[in-house]
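Okay, structure first, notes after.
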C-alpha cells in the first residue's frame with residue numbers, strides 16, 4: 001500500500017539553526033500538508049499546499065516557516081531560525097483531492113531543538 | 115473557535131470484546147467525517163470515513179455510525195485486539211485543515 005515517507009525520523013538541531021524536514025507524498029496525490037504535535041499535545045495544522053502554492057496556513061505558520069515542492073516527488077518544510085518551542089513531531093500528509101477524501105500521514109520527524 | 119470533543123478520554127477493554135469510541139462534532143455544516151488511530155511514535159493512520167448522506171459505514175472489523183441530529187459520531191471495533199491499542203481521533207475538517215482533539219486512548223487488556 002502506498003505511503004507517505006518522511007526523513008529524517010529524528011533531527012537534532014541547535015537553536016537558531018535552519019532545518020529542513022523532507023517528505024515524499026503518495027505519488028498520485030496533489031494536496032500536501034504539514035502538521036505538528038508538541039509532546040503530550042494535540043496534532044496541529046500548519047499549512048496546506050496545492051499547485052505549488054500555499055492553500056491555507058495556520059497562525060503557527062509564521063515567517064520562519066516555508067514549504068516547497070522542489071521536484072516532482074519531494075515536499076519540504078523549512079524552519080529558518082529554530083527556537084526551543086519548535087521541538088515537536090512534524091507530520092506530513094497528502095491527499096488525492098481536496099475535501100471529502102482522507103489525508104494520509106507519514107510517521108513524522110521528531111525535531112529536537114537544543 | 116470550534117470545539118472538537120470526545121466523550122471519554124480513555125477506554126479500557128478486554129481482548130475480544132467490542133469497543134465503542136464516541137465523538138461529538140460542532141460544525142453542523144460538516145459533510146465528511148473521518149476516524150484516525152495513532153499508535154505511539156507513529157503518525158495518524160486513516161481507519162474509515164463517512165459522508166453526511168450516510169448514517170452507517172462498515173469496514174474490516176470497524177463500523178462508523180453518524181447521527182447528524184445530535185452531531186454525534188461513533189467508531190465500533192469488533193473483537194478488539196491488542197494491536198488496536200492506540201489513540202483514536204475524529205478530527206473536524208474545515209477547508210483543507212483537519213482540527214484534532216485530544217483523542218480517546220483505547221487500551222486492550224489481554
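Chains as they are written, first to last, in our numbering: chain A, 1 to 114; chain B, 115 to 224. Ideal Cβ placement from N, Cα and C applies to all residues, glycine included.
Taking C-alpha positions only, residue 128 of chain B is separated from residue 219 of chain B by approximately 14 Å.
For residue 111 of chain A, the beta-bridge partners assigned by DSSP are A:11, A:88.
Going by C-alpha positions, residue 26 of chain A is about 11 Å away from residue 72 of chain A.
Between residue 130 of chain B and residue 200 of chain B the beta-carbon gap is near 17 Å, outside 8 Å, which marks them as no contact. Between the stretch 208 to 217 of chain B and the stretch 162 to 182 of chain B, the count of Cβ pairs shorter than 8 Å is below three; the stretches do not touch. Beta bridge pairing from DSSP links residue 163 of chain B with B:148. Proximity of chain A to residue 151 of chain B at the Cβ level (cut-off 9 Å) is not reached, the minimal Cβ distance being about 11 Å. Taking 8 Å as the Cβ-Cβ cut-off, the stretch 159 to 171 of chain B approaches chain A at 159, 160, 163, 165, given in chain order. Judged by DSSP in its simplified three-state form, residue 16 of chain A adopts coil rather than helix or strand. Within the model, the alpha-carbon separation for residue 189 of chain B versus residue 152 of chain B is close to 14 Å. Within the stretch 24 to 38 of chain A, those residues whose Cβ lies closer than 9 Å to any Cβ of chain B are, in chain order, 31, 33, 35, 37. Bounds of the beta strand (DSSP E) holding residue 133 of chain B are 133 to 139.
Residue pairing for residue 171 of chain B: DSSP places it in a beta bridge opposite B:178. Of the candidates B:124, B:222, B:208, B:197, B:208 places its Cα closest to the Cα of residue 147 of chain B. Counted as a single uninterrupted DSSP element, the beta strand (DSSP E) harbouring residue 190 of chain B occupies residues 186 to 191. When B:150, B:172, B:221, B:183 are compared, the shortest CA-CA separation from residue 197 of chain B is found for B:221.
Here residue 112 of chain A is near residue 87 of chain A, since their CB atoms are less than 8 Å apart. Taken atom to atom, the span from the alpha-carbon of residue 70 of chain A to that of residue 23 of chain A is near 11 Å. Rounded to the nearest whole angstrom, the C-alpha separation of residue 64 of chain A and residue 36 of chain A is 15 Å. With a contact defined as Cβ atoms closer than 8 Å, residue 185 of chain B and residue 140 of chain B qualify at about 7 Å.
At a cut-off of 8 Å between beta carbons, residue 206 of chain B makes no contact with chain A. In the DSSP assignment, residue 143 of chain B forms no beta bridge with any residue.
Excluding five sequence positions before and after residue 10 of chain A, the CB atoms of its chain that fall closer than 6 Å to its own CB belong to 110, given in chain order. Sequence-distant partners of residue 52 of chain A (beyond 5 residues in either direction) whose C-beta falls short of 7 Å from its own C-beta, in its chain, are 69.
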